[in-house]
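Visitor:
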Amino acid sequence: MSFGLRDEDWVEPDPEPIIKCRDCEFWERCPSGCEWGWCTDHRCEFTREDDEC
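Counting from 223, one number per residue, gives the positions in the sequence shown under the working numbering.
#1: Could you have a look at Arg244 and say whether DSSP puts it in helix, strand or coil?
#2: Report all residues from its chain with a CB closer than 7 Å to the CB of Phe248; omit the five preceding and five following residues, and keep chain order.
#3: Can you name the start and end residues of the beta strand (DSSP E) that Arg270 belongs to?
#4: In whole angstroms, what is the alpha-carbon distance linking Trp232 and Pro239?
#5: Could you tell me whether the Cβ atoms of Glu329 and Lys242 are closer together than 8 Å?
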């Protein structure tokens, strides 16, 4: 019995986009101009701009 289900009906969801810290609204660049900055979100961490948010 197939119960009306077909393999064509199953769709893989699109992967979540990876957001880099530099693109996040909660990230602020270090005043010294280095590639580090401060995440002002709930984590409040010092992160690199290329890290995943």
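Beta carbons: idealized from backbone N, C-alpha and C, even for Gly.
Guide: Walking through what the data contain:
#1: Counting from one through the sequence shown, the residue named residue 244 turns up at place 22. Arg244 falls in the helix class under three-state DSSP.
#2: As a first step, residue 248 is located in the sequence shown; it is residue number 26 there, counting from the start. Result list for Phe248: Cys261, Thr262 and Asp263, in chain order.
#3: Within the sequence shown, the letter at position 48 stands for residue 270. It spans Phe268 to Arg270 - the beta strand (DSSP E) in which Arg270 sits, taken as one unbroken run.
#4: Here residue 232 refers to the residue found at position 10 when the sequence shown is read from its first residue. Here residue 239 refers to the residue found at position 17 when the sequence shown is read from its first residue. Their Cα atoms are separated by approximately 21 Å.
#5: Missing from the structure shown is residue 329; the chain here goes from 223 to 275 and no further.
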